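In our numbering, the protein residues as written are 2 to 211. Ideal placement from N, C-alpha and C gives every residue a C-beta, glycine not left out. A quick note: this is a predicted structure, and the numbers were derived from the prediction, not measured. Please read the structure below before turning to the comments.
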Amino acid sequence: MDLDELLSNTADGVCAITSEGKITLWNRSAEKILGYAVREVVGRPCCDVFVGRDTTGNRLCYRGCHVQSLVKMGEPIQHFEMATRTKAGKPVWIDVSILVVPGSRNELQTTVHLFRDVTASHELEAFLRERLTQSKPVPAGVAADPSSPLTRREIEILRLMTSGANTKTMAERLHVSPATVRNHVQNIFGKLGVHSRLEAVASVTNRGLL
Numbered sequence: 002m003d004l005d006e007l008l009s010n011t012a013d014g015v016c017a018i019t020s021e022g023k024i025t026l027w028n029r030s031a032e033k034i035l036g037y038a039v040r041e042v043v044g045r046p047c048c049d050v051f052v053g054r055d056t057t058g059n060r061l062c063y064r065g066c067h068v069q070s071l072v073k074m075g076e077p078i079q080h081f082e083m084a085t086r087t088k089a090g091k092p093v094w095i096d097v098s099i100l101v102v103p104g105s106r107n108e109l110q111t112t113v114h115l116f117r118d119v120t121a122s123h124e125l126e127a128f129l130r131e132r133l134t135q136s137k138p139v140p141a142g143v144a145a146d147p148s149s150p151l152t153r154r155e156i157e158i159l160r161l162m163t164s165g166a167n168t169k170t171m172a173e174r175l176h177v178s179p180a181t182v183r184n185h186v187q188n189i190f191g192k193l194g195v196h197s198r199l200e201a202v203a204s205v206t207n208r209g210l211l
């Protein structure tokens, strides 16, 4: 299996670009996430398609962007999240990982953007911030500070709760002890102002956030 075939079949969205920043590969997952067909993006600068911005609205995508500069210097690039829009104009958040493959296409270096839709997580965080500003009372016996947002780990546990996972299953999947899971669950209750797992799940699923 060659590189193009491997990347085309991955579940993540894939955008491969040349050293000049022009798109040479766009898989079906990328089309599903952003709505652009292959013929609409191949040959275009990736910055013109993504037009990505960070959490404060600063533009991340432009010709000769920070990612391209780091690639040219041979520096590793940590995955990052950015806001963009679909072809239809719908706002989405994507988590992007960068893979540099030397000499992969006609002996030229290819930079591969692997991305996935994380809009639901951002909407969940916005919902949690809204709930936390309501100053809900903390359930008896819960020591969590309701003014602080949920951590990434607590969001992971909340997602597992919605799938019906019990404490043992969550502990195994997250590679932590059951006691640690129970502590996180109690913190979630305090921050959401709920008293049970059912209430916690209902408070987010009713809004379609998970």
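Among the candidates G165, V202, T112 and K192, whose CA atom is the shortest distance from the CA of V46? Strictly speaking, residue 46 in this sequence is Pro, with Val absent from that position. Checking every option, the nearest Cα to that of P46 belongs to T112.
In the structure shown, what three-state DSSP assignment does S98 receive? strand
Just the C-alpha distance for E82 and T19, rounded to the nearest angstrom, thanks. 22 Å
Restricting to Cα atoms, I'd like to know which of I99, I158 and C62 is closest to R198. I158
Mind reading off the beta-carbon distance from N28 to T56? Whole number of angstroms is fine, and I expect it under 8 Å. Going by Cβ atoms, the distance from N28 to T56 rounds to 27 Å, so no, they are not a contact pair.
Output the distance between the C-alpha atoms of D13 and H123, rounded to the nearest integer angstrom. 18 Å
Cutting at 8 Å between CB atoms, please list the residues of its own chain near K23, excluding the five before and the five after it. G44, R45, P46 and C47
How big is the Cα-Cα spacing for A172 and R160? 13 Å
Short Cβ contact (9 Å threshold) for L193 with I156: no
Answer yes or no: do I189 and L151 have a C-beta to C-beta separation smaller than 9 Å? yes
Would you kindly report the start and end of the unbroken alpha helix (DSSP H) that includes A213? With the chain represented from 2 up to 211, any question about residue 213 goes unanswered, as that position is not in the structure.
According to the neighbour-count rule (16 or more other Cβ atoms, all chains shown, within 10 Å of its Cβ), is S178 buried or exposed? exposed
Taking the alpha helix (DSSP H) that E32 falls in, what are its first and last residues? R29 to L35
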